[in-house]
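Quick note, the sequences are listed as chains A and B, same order. At position 123 of the first sequence (counting the first as 1) the number is 123 in our numbering, and the numbers step up by one without a gap. Heads up: take any position in the second sequence, counting from 1, add 1000, and you land on our numbering. Below: one structure, written as structure tokens.
Protein chains: 2
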Amino acid sequence: MAQTSENTLKVAHQAFEYLIHGLATGEWQAFLDILSDDVTFWFPMGKYHGQNVGKPRVKEFLQYVSESFNSGLNLTSLDHVTSNETTVVFEFRDEGLLQGEPYKNRIAISFDVCDDKICSYREYFGSDGKSY
Amino acid sequence: MAQTSENTLKVAHQAFEYLIHGLATGEWQAFLDILSDDVTFWFPMGKYHGQNVGKPRVKEFLQYVSESFNSGLNLTSLDHVTSNETTVVFEFRDEGLLQGEPYKNRIAISFDVCDDKICSYREYFGSDGKSY
């Protein structure tokens, strides 16, 4: 069991690093590679609100994010990491320009790990895009 | 260390039970009692958006919630619980009537435990109040 939890944390930390890299640079391949083909992703609002199923759909979402934040969205603080044997939650803050306007938010992302992939994840918003 | 994590989980589960009871019934005393006097609470939006400091302020917020959901807000699914030595995150879904209109949401609440109290917590929204 300890080993399973360790692997879950390891895979989730790697995925988080790739996610942050993608947000900052628009380079999403490493993050996409660590998702299972049948990944599901829950997003809180807008065009991609609700359950998004499959890697092509997630890829489309990530491209949409990088078009909206075309100068990059940067991690400013990783506040908490909590986990159990299958799931890891990252609470963090990020900052950038959303279509040219200053943007700041608090985010919680919860990754479910299956073997060495993220098989589902959920995003939660802790603020309004204007402060944190 | 194991003991600390166990205590953190125990206190957080108790607080979560009291929170759910408060949301359903409007009876908040048990939840208030498990908060430290200097508790801080981050809320994502509206009148209480941002950092709320101290138990009187949290009490005011909780009364405001119960006035808005005056027939109660009910837990429909507790989906994930993750933790480390100091922090426990509950991902859940709830449902009720917001000023008479159907309301559903996904929520993540992250409790920080100090000894036998919740000394800070953060709420995150995973949906728009209309679906989950």
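Just so it is clear, CB atoms sit at the ideal spot from N, CA and C, and this is done for glycine as well.
Within-9 Å CB hit, residue i to chain A
i, result
"residue 1110 of chain B", "yes"
"residue 1087 of chain B", "yes"
"residue 1127 of chain B", "yes"
"residue 1001 of chain B", "With a pLDDT of only 43 at residue 1001 of chain B, under the threshold of 50, the placement of this residue in the model should not be trusted; the figure read from the coordinates follows. No, its Cβ sits nowhere closer than 9 Å to a Cβ of chain A."
"residue 1006 of chain B", "no"
"residue 1071 of chain B", "no"
"residue 1135 of chain B", "Beyond the ends of chain B as shown, which are 1001 and 1132, falls residue 1135 of chain B; an answer cannot be given."
"residue 1077 of chain B", "no"
Extent of the continuous beta strand (DSSP E) to which residue i belongs
i, result
"residue 47 of chain A", "Run containing residue 47 of chain A: none; DSSP gives neither H nor E here."
"residue 71 of chain A", "Element bounds for residue 71 of chain A: n/a, residue is neither H nor E."
"residue 1094 of chain B", "1087–1098"
"residue 1112 of chain B", "1101–1114"
"residue 1121 of chain B", "1117–1125"
beta-carbon residue i near the ligand GTP non-hydrogen atom, thresh 8 Å
i, result
"residue 1004 of chain B", "With respect to the ligand GTP, the structure shown offers nothing to examine, as it has no ligands at all."
Segment limits, alpha helix (DSSP H) that includes residue i
i, result
"residue 1033 of chain B", "1029–1033"
Closer than 7 Å at the beta carbon, the chain A residues around residue i
i, result
"residue 1021 of chain B", "Simply none; closest approach about 23 Å."
Within chain B, partners of residue i - CB distance below 9 Å
i, result
"residue 91 of chain A", "1087, 1089, 1108, 1110, 1122 and 1124"
Proximity of residue i and residue j at Cβ, strictly below 9 Å
i, j, result
"residue 7 of chain A", "residue 116 of chain A", "yes"
"residue 1041 of chain B", "residue 1057 of chain B", "yes"
"residue 1005 of chain B", "residue 1085 of chain B", "yes"
"residue 121 of chain A", "residue 39 of chain A", "yes"
"residue 125 of chain A", "residue 1044 of chain B", "yes"
"residue 1010 of chain B", "residue 1032 of chain B", "no"
"residue 1021 of chain B", "residue 1081 of chain B", "no"
"residue 137 of chain A", "residue 23 of chain A", "Here chain A covers residues 1 to 132 and nothing more, so residue 137 of chain A does not appear."
Within-9 Å CB hit, residue i to chain B
i, result
"residue 84 of chain A", "yes"
Neighbouring residues, chain B, relative to residue i (Cβ below 7 Å)
i, result
"residue 13 of chain A", "Ordered by position in chain B, no residue passes the 7 Å Cβ test against residue 13 of chain A, which lies about 13 Å from the chain."
Contact set between residue i and chain B, taken where Cβ atoms lie within less than 8 Å
i, result
"residue 81 of chain A", "1084"
Chain-ordered neighbours of residue i on chain C, where CB pairs are closer than 7 Å
i, result
"residue 68 of chain A", "Here chain C cannot be found, since the structure's protein chains are A and B."
Residues, ordered as in the chain, of the stretch 40–56 of chain A that lie near chain B by beta-carbon distance below 8 Å = 42, 44, 45, 49 and 50
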